[in-house]
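Enquirer:
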Amino acid sequence: MSDAVKEKVIEIIAEQAVLEKSDVKMDSTLEDLGIDSLGLVESIFAIEEAFDIQVPFNANEPSESDFDISSVAAIVKAVQGLVREQAA
Amino acid sequence: MKRVVITGMGTINALGKNVPDTMAALAEGRCGIAPINIRDVDRLSIKIGGQVRGFEPEAHFNRQQIALYDRFTQFTMLAAKEAISQSGLEFHGLLADEAGAIFGTAGGGVNTWDENYRTVYEEGKNRVHPFVVPKLMNNAAASHVSMEYNLKGASYSVSTACASSNHAMGQAFMMVRSGQSRAMVTGGAEAMLSFGGIKAWEGLRVMSKDACRPFSANRNGMVQGEGAAVFVFEELEHARARGADIIAEVAGFAMTSDASDIVVPSKQGAARAVRGALRDAAMAAQDVGYINAHGTGTSANDKTECAVVADVFGPHADKLMISSTKSMHGHLIGGTGAVELLACIMALRDGIIAPTIGYEEPDPECTLDVVPNEAREAKVDAVLSNAFAFGGLNAVLALRKA
Chain A
3 MSDAVKEKVI
13 EIIAEQAVLE
23 KSDVKMDSTL
33 EDLGIDSLGL
43 VESIFAIEEA
53 FDIQVPFNAN
63 EPSESDFDIS
73 SVAAIVKAVQ
83 GLVREQAA
Chain B
43 MKRVVITGMG
53 TINALGKNVP
63 DTMAALAEGR
73 CGIAPINIRD
83 VDRLSIKIGG
93 QVRGFEPEAH
103 FNRQQIALYD
113 RFTQFTMLAA
123 KEAISQSGLE
133 FHGLLADEAG
143 AIFGTAGGGV
153 NTWDENYRTV
163 YEEGKNRVHP
173 FVVPKLMNNA
183 AASHVSMEYN
193 LKGASYSVST
203 ACASSNHAMG
213 QAFMMVRSGQ
223 SRAMVTGGAE
233 AMLSFGGIKA
243 WEGLRVMSKD
253 ACRPFSANRN
263 GMVQGEGAAV
273 FVFEELEHAR
283 ARGADIIAEV
293 AGFAMTSDAS
303 DIVVPSKQGA
313 ARAVRGALRD
323 AAMAAQDVGY
333 INAHGTGTSA
343 NDKTECAVVA
353 DVFGPHADKL
363 MISSTKSMHG
373 HLIGGTGAVE
383 LLACIMALRD
393 GIIAPTIGYE
403 EPDPECTLDV
413 VPNEAREAKV
423 DAVLSNAFAF
433 GGLNAVLALR
443 KA
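Chains as they are written, first to last, in this note's numbering: chain A, 3 to 90; chain B, 43 to 444.
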């Protein structure tokens with residue numbers, strides 16, 4: 003289940019970055035991948051749609067949102083948490 | 043070139059249903075932002091706005107008019123009535139042939155789109171009211187004003203997102219300054235506080251759930267408003283000859299395009315517009331006492347705008363006052379520059395600077411005098427009104443005391 007979440011998040015990020023999934027490393031930052039603020043908002047929308055969750059994210063101060071976007075790993079972890087909460 | 047003055051003004055917005063009430067609210071630092079009352083609000087995550095409350099269209103318009111007037115047109119008609127009646131102008135003969143109505147709106151008849159999409163998609167009906175198209179079109183407000191007041195010259199709508207009404211007023215200014223018309227009716231309106239209108243903004247994730255706090259370190263986004271403001275721009279000698287009350291002079295205007303990003307503002311593009319307005323008005327930077335900021339309450343705008351002012355005005359940036367009245371009436375999108383011009387006029391005519399309310403924490407990247415929380419008395423001879431739209435389209439007006 004958790005691996006499926008990870009797979010899907012990476013797929014969404016890869017699509018946004020126009021990269022192969024294999025190019026998206028867990029320690030990559032969105033900046034490394036060339037995803038700008040608009041790309042980030044689109045990725046979050048895609049994540050919400052894919053998992054039917056609400057991501058707490060304010061584009062005004064992305065770094066101060068409850069949702070950690072500092073790396074791909076952080077995003078995967080945060081989404082896994084939200085998916086678990088959703089199931090609970 | 044002719045000189046251009048304002049001889050009439052009108053408005054309806056969350057702060058008041060006319061100019062005196064709105065200016066009183068601006069001077070008191072009153073907040074018009076509150077929980078909104080619209081259909082399906084429970085399905086929205088943003089539930090606040092600068093909504094025009096206690097507004098009954100039936101009190102102002104007959105059934106036939108309501109069938110044709112979307113809410114943004116209704117707002118425009120009421121503001122136009124106040125403005126044109128204050129100006130004392132009547133449009134006949136040659137003056138009517140020259141005079142036109144130029145209005146800004148970003149969305150036009152958003153409520154009409156919303157209601158009729160519900161009819162066909164949600165309710166599954168296959169027929170809509172015959173006037174849907176003339177009701178929702180962006181130029182409906184300009185056209186109805188032209189019809190009501192016999193304005194037979196250049197009339198059209200301008201849609202440049204958050205700069206729409208500044209662009210519209212800039213066009214009207216240029217019409218009068220060039221001598222093409224001795225009078226123009228101009229301004230803008232927006233009525234986007236509908237389920238679809240708010241849902242679209244939610245998607246962008248730049249909206250605040252609690253308040254609009256421009257320039258405050260704890261800001262968390264913008265808040266939508268609705269309403270209209272309308273002005274009569276008139277050639278100075280024409281106004282003098284008929285003994286009109288001259289409210290303020292429109293001295294200059296500039297517009298630029300960032301040509302860079304669809305949502306992120308550019309310091310260079312905005313700064314070129316501010317400098318351009320000063321140049322067009324033959325105004326020295328140190329003459330400017332007050333700027334009505336675009337000040338949306340998003341970090342992208344506020345930080346860029348403060349950097350622009352610091353850059354253009356140099357040491358004078360610390361002496362001038364700059365406030366965002368969006369903290370009170372919300373962001374009227376395509377109508378916002380028009381309502382904000384009222385704050386500029388209040389500064390010039392009454393010597394009262396409207397505050398930026400909701401200001402709680404200083405932001406090291408916004409260190410200008412943002413007139414926090416309380417209005418201030420000050421003698422001001424020249425002002426600017428900034429509008430920096432999505433799409434990188436900037437429009438800045440410069441006004442002088444009459």
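Beta carbons: idealized from backbone N, C-alpha and C, even for Gly.
Measure the C-alpha to C-alpha separation of B:Ile240 and B:Thr338 and round it to an integer number of angstroms.
Expert: Within the second sequence, residue 240 of chain B is the residue found at index 198, counting from 1. Within the second sequence, residue 338 of chain B is the residue found at index 296, counting from 1. Between B:Ile240 and B:Thr338, the C-alpha separation is close to 16 Å.
Enquirer: Nearest chain A C-beta to B:Thr340 closer than 8 Å, yes or no?
Expert: The residue labelled residue 340 of chain B in the question sits at position 298 within the second sequence. Interface residue, yes.
Enquirer: For the beta strand (DSSP E) holding B:Arg442, just list the boundary residues, first then last.
Expert: Sequence index remark: in the second sequence, residue 442 of chain B carries index 400 (1-based). That run of the beta strand (DSSP E) goes Leu435 to Lys443.
Enquirer: At least one CB of chain B closer than 8 Å to the CB of A:Ser72: is that the case?
Expert: Numbered from its first residue, the first sequence carries residue 72 of chain A at position 70. No, because no Cβ of chain B sits closer than 8 Å to the Cβ of A:Ser72.
Enquirer: By the 8 Å beta-carbon criterion, what residues does the segment 251-270 of chain B contribute toward chain A?
Expert: Cβ contacts with chain A come from Arg261, Asn262 and Gly263.
Enquirer: Roughly how many angstroms separate the alpha carbons of B:Arg261 and A:Ile46, rounded to a whole number?
Expert: Working through the second sequence from its first residue, we reach residue 261 of chain B at position 219. Working through the first sequence from its first residue, we reach residue 46 of chain A at position 44. Distance between the alpha carbons of B:Arg261 and A:Ile46: 22 Å.
Enquirer: Please name the residue in B:Val350, B:Ala205 and B:Ala296 whose C-alpha comes closest to that of B:Thr378.
Expert: The residue labelled residue 378 of chain B in the question sits at position 336 within the second sequence. Closest by alpha carbon: B:Ala205.
Enquirer: Could one say the Cβ of A:Leu84 lies closer than 8 Å to chain B's Cβ atoms, at least one of them?
Expert: Along the first sequence, one-based indexing puts residue 84 of chain A at 82. So, not an interface residue.
Enquirer: Does DSSP classify B:Pro406 as helix, strand or coil?
Expert: The residue you call residue 406 of chain B lines up with position 364 of the second sequence. If DSSP states are grouped into helix, strand and coil, B:Pro406 belongs with coil.
Enquirer: Residues of chain B with CB under 9 Å from A:Phe59, in chain order?
Expert: Within the first sequence, residue 59 of chain A is the residue found at index 57, counting from 1. The answer, in chain order, is Arg247.
Enquirer: Sorted by chain position, which residues of the same chain lie with C-beta nearer than 7 Å to B:Gly130's C-beta, five sequence neighbours on each side aside?
Expert: In the second sequence, residue 130 of chain B corresponds to position 88, counting from 1. Taken in chain order, the residues that qualify are Ala286.
Enquirer: Could you tell me the alpha carbon to alpha carbon distance between B:Lys421 and B:Asn415, rounded to whole angstroms?
Expert: Counting from 1 along the second sequence, the entry for residue 421 of chain B is found at position 379. Counting from 1 along the second sequence, the entry for residue 415 of chain B is found at position 373. Using only the alpha carbons, I get a separation of about 19 Å.
Enquirer: Taking the C-alpha atoms as reference points, what is the distance between A:Val81 and A:Pro64?
Expert: Here residue 81 of chain A refers to the residue found at position 79 when the first sequence is read from its first residue. Here residue 64 of chain A refers to the residue found at position 62 when the first sequence is read from its first residue. Roughly 16 Å between the two C-alpha positions.
Enquirer: If contact is defined by three or more beta carbon pairs under 8 Å, each pair taking one atom from either stretch, is the segment 312-321 of chain B in contact with the segment 217-237 of chain B?
Expert: No contact exists between the segment 217-237 of chain B and the segment 312-321 of chain B.
Enquirer: Counting beta carbon pairs with one atom in the segment 80-100 of chain B and one in the segment 123-137 of chain B, are three or more of them shorter than 8 Å?
Expert: Not touching, per the Cβ criterion.
Enquirer: Spell out the partners DSSP gives B:Ile90 in its beta bridges.
Expert: Here residue 90 of chain B refers to the residue found at position 48 when the second sequence is read from its first residue. According to DSSP, B:Ile90 bridges with B:Pro77.
Enquirer: If you measure beta-carbon to beta-carbon, which residues of the segment 298-327 of chain B are closer than 9 Å to chain A?
Expert: The residues in question are Asp303, Ile304, Val305 and Val306.
Enquirer: Could you give the distance in angstroms between the alpha-carbon of B:Leu383 and the alpha-carbon of A:Asn60?
Expert: Within the second sequence, the letter at position 341 stands for residue 383 of chain B. Within the first sequence, the letter at position 58 stands for residue 60 of chain A. When rounded, the distance between both Cα atoms is 30 Å.
Enquirer: What whole-angstrom Cβ distance do B:Thr154 and B:Leu120 have, given they're in contact under 8 Å?
Expert: The count along the second sequence starts at 1 and reaches residue 154 of chain B at position 112. The count along the second sequence starts at 1 and reaches residue 120 of chain B at position 78. Contact doesn't hold; Cβ gap of about 18 Å is too wide.
Enquirer: State yes or no: is the C-beta of B:Ile90 nearer than 7 Å to some heavy atom of the ligand MG?
Expert: Within the structure as shown, the ligand MG is missing, as the structure has no ligands at all.
Enquirer: Using a Cβ-Cβ cut-off of 7 Å (strictly less than) and excluding sequence neighbours within five positions of A:Lys23, which residues of its own chain qualify?
Expert: For the purposes of this step, residue 23 of chain A is identified with residue 21 of the first sequence, where counting begins at 1. Cβ within range, chain order: Ile12, Glu13 and Ala16.
Enquirer: Tell me where the beta strand (DSSP E) around B:Tyr111 begins and ends.
Expert: Taking the second sequence and counting its residues from 1, one reaches residue 111 of chain B at position 69. It is not in any beta strand (DSSP E) - B:Tyr111 carries neither H nor E in the DSSP assignment.
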